[in-house]
Amino acid sequence: MNEMLDLGLSGTTVDDVLIEYSVRIQLSDHSVIVVESQLTIQNRSGSAHFTPDSDSDTALQPIQLLVSRTIEAATADHAGGLRIGFTDGSQLCVDADDAYEAWTVSRPDGRLIVCLPGGDLARWGASRGADS
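Numbering follows our numbering, in which position 5 of the sequence shown is assigned residue number -14; successive positions increment by one, without gaps.
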């Protein structure tokens, strides 16, 4: 089964990136993506792997280049992988972690998606009504 869950972030822009033992990405619609596991950024120059809780601030600086980029598509797969594609062709990818919550996406309406240890996805609905 290769079904992808659309996270509904297409067209939003990265407003800010905060790095402090995790990567917190604030979007233009007030959604927030938090990555607490290894992530990969791919672009025309190649790909680079980052671990927010152990890499130095200097090593994590390339993640700041996401600011002002617009999301073309953001999906989660059945194994808990997060894939965010930007309109400039770059991508941010996070795989599930066996021991920790790898990433979360929170939306301003109360929707929350969490990649649980092992890759299962927990989802909570909007403030008015659940989406499952």
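For every residue, glycine included, the Cβ atom is placed at its ideal position computed from N, Cα and C.
Endpoints, beta strand (DSSP E) assigned at residue i
i: D(-4); result: -5 to 0
i: A55; result: 52 to 58
i: D(-13); result: -15 to -13
i: Q7; result: 4 to 8
C-alpha gap between residue i and residue j, whole angstroms
i: M(-15); j: D34; result: 28 Å
i: V13; j: R5; result: 7 Å
i: P43; j: G106; result: 33 Å
i: Y2; j: H30; result: 15 Å
i: T85; j: L93; result: 7 Å
i: G66; j: V16; result: 15 Å
i: A111; j: R88; result: Note that A111 scores a pLDDT of 41, beneath 50, so its modelled location is shaky; the value from the coordinates is reported in the next line. Going from the Cα of A111 to the Cα of R88 covers about 13 Å.
i: S114; j: C96; result: Only positions -18 to 113 of the chain appear in this structure, which leaves residue 114 out of reach.
i: S53; j: S(-9); result: According to the sequence provided, residue 53 is Glu. The question's Ser does not apply to it. Their backbone Cα atoms lie some 5 Å apart in a straight line.
i: S71; j: A55; result: 12 Å
i: G91; j: P98; result: 22 Å
i: C74; j: G(-11); result: 16 Å
i: D69; j: N24; result: 8 Å
i: D(-13); j: Q45; result: 24 Å
i: A83; j: R104; result: 14 Å
i: R50; j: G27; result: 17 Å
i: Y81; j: V48; result: 26 Å
Contact under 7 Å by Cβ, residue i with residue j
i: G62; j: D79; result: no
i: A57; j: L8; result: no
i: G100; j: A40; result: no
i: T32; j: D10; result: no
Segment contact flag, the stretch -7 to 3 with the stretch 19 to 27, C-beta cutoff 8 Å, min 3 pairs: no
Quick check for students: name the residue ranges of the beta strand (DSSP E) that lie wholly in the stretch 61 to 105, counting only runs of 3 or more. 63 to 67, 72 to 75, 84 to 87, 93 to 96, 102 to 105
Counting only runs of 3+ residues fully inside the stretch 17 to 42, write out the beta strand (DSSP E) ranges in chain order. 20 to 24, 27 to 31
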